[in-house]
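K.L.:
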Amino acid sequence: FFAPKLLKGAGAPVQKVAAPNEEENTQSVAPRGQTRLWLALALLTGTMTIAAQNPKALLLVALGCLCVMLRTGCLGIKDAWSAVNGPVLLSIALSFALGKAIDKSELASIAAARIVQLVAPYGQLALLFAVYFVAICIGAIISNNAVVVLMFPVIVRVCEGAGISWRPALYALTMAASASFSTPVSYQTNLMVAGAADYSFNDFLRFGLPLQLVCMLATVPACYMLFK
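Per our numbering, the very first residue in the sequence shown carries number 2; after that it's consecutive.
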């Protein structure tokens, strides 16, 4: 009878004890739940749209989206730092340096010209296989764009000298440069996959190199028949 009566909800567990002179913040700065999801999707869509229209602005737009996601709470500082793969970034930077050195020294151009010239007298089909194989070897250490830039003048010069059409050779070169799977440093996305899945250099050689050879066996005869 003399026990104090409890109000409804008074027995609920205490979630937080406010410190002296501390007021409860009823409004959160960061959006919650679905709002964060839609904001992240909007930022991703905007980044892809702007990058497609102006690729040079990709870095600036990506940094801006990162700042917005950090400010709104869509992404935490720790999550952002944990997503940065230092070895992958270092490998990409070193691969660019290696490709630049090979380009400046003209090592790839000299080797490609020598091999293609040796095979050219054996006919167009042999030349196509040689072009594809050389592009695979060079593309294992430099970017695909650099492979095309280096080998394009060599192929045109050799084909014109041998009296062979250079169009099928250029198609084979483009395909060989694009289908580069044999090493982690042959393309940036290969490095990203290697870091995420913990693939080794030997894994790329075991699975990527046979795949490139299969592509060569399919592409070279197709180019030869289409431009025969």
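In this text, a Cβ means the ideal position worked out from N, Cα and C, and glycines have one as well.
As the structure is a computational prediction, the values presented were derived from the model and not from experiment.
Relative to the alpha-carbon of W167, which residue among L61, M152, S181 and G65 has its alpha-carbon at the smallest distance?
P.N.:
M152
K.L.:
Entirely within the segment 72-151 and at least 4 residues each: give me those alpha helix (DSSP H) ranges in chain order.
P.N.:
78-84, 87-106, 108-120 and 125-140
K.L.:
Are the segment 152-162 and the segment 202-212 touching, with three or more C-beta to C-beta distances below 8 Å?
P.N.:
By the Cβ criterion, the segment 152-162 is not in contact with the segment 202-212, since fewer than three pairs of Cβ atoms, one from each stretch, lie closer than 8 Å.
K.L.:
Can you tell which of L129, A180 and V117 has its C-alpha closest to the C-alpha of N146?
P.N.:
A180
K.L.:
So, helix, strand or coil for F202, using DSSP?
P.N.:
helix
K.L.:
What is the residue span of the alpha helix (DSSP H) that T46 lies within?
P.N.:
Note, T46: alpha helix (DSSP H), Q35 to Q54.
K.L.:
In its own chain, which residues sit with a C-beta less than 7 Å from the C-beta of E24, not counting the 5 before and 5 after it?
P.N.:
Any reading at E24 must be qualified, since the residue scores a pLDDT of 47, below 50, and its modelled position is unreliable; the value itself is stated next. Nothing meets the Cβ criterion.
K.L.:
Between which two residues does the alpha helix (DSSP H) harbouring P169 extend?
P.N.:
R168 to S179
K.L.:
Just checking, does the segment 113-130 make contact with the segment 192-199 on the three C-beta pairs under 8 Å criterion?
P.N.:
no
K.L.:
Around the C-beta of V186, are 16 or more other C-beta atoms found within 10 angstroms, so that it is buried, or is it exposed?
P.N.:
buried
K.L.:
Does DSSP classify F228 as helix, strand or coil?
P.N.:
coil
K.L.:
My output table needs one value for I156: the three-state DSSP class, helix, strand or coil.
P.N.:
helix
K.L.:
Please report the distance separating the alpha-carbon of G65 from that of S144.
P.N.:
Going by the C-alpha atoms only, they are around 28 Å apart.
K.L.:
Determine contact between the segment 77-85 and the segment 121-138, defined as no fewer than three beta-carbon pairs at a distance below 8 Å.
P.N.:
no
K.L.:
Which whole-angstrom value is the C-beta distance of L212 and F182, which I expect to be below 8 Å?
P.N.:
The C-beta separation of L212 from F182 comes to about 5 Å, placing the pair in contact by the 8 Å criterion.
K.L.:
In or out: L174 buried (at least 16 other Cβ within 10 Å) or exposed?
P.N.:
Counting Cβ neighbours within 10 Å, L174 comes out buried, since at least 16 surround it.
K.L.:
Would a C-beta distance cut-off of 8 Å place I137 and A177 closer than the cut-off?
P.N.:
Cβ distance < 8 Å, so I137 and A177 count as in contact.
K.L.:
Count the other CB atoms, across all protein chains shown, that sit within 10 Å of the CB of T27; report buried if there are 16 or more and exposed otherwise.
P.N.:
Low confidence applies here, because T27 scores a pLDDT of 42, under 50, leaving its location unreliable and the question unanswered by this model.
K.L.:
What separation, rounded to the nearest whole angstrom, lies between the Cα atoms of M70 and R37?
P.N.:
9 Å
K.L.:
Work out the CA separation of S201 and L61 for me, nearest whole Å.
P.N.:
33 Å
K.L.:
Do you know how far the Cα of L227 is from the Cα of L44?
P.N.:
44 Å
K.L.:
For the candidate residues I139, L59 and M49, whose alpha-carbon lies nearest to that of Y188?
P.N.:
Residue I139 is the option with its Cα nearest to Y188.
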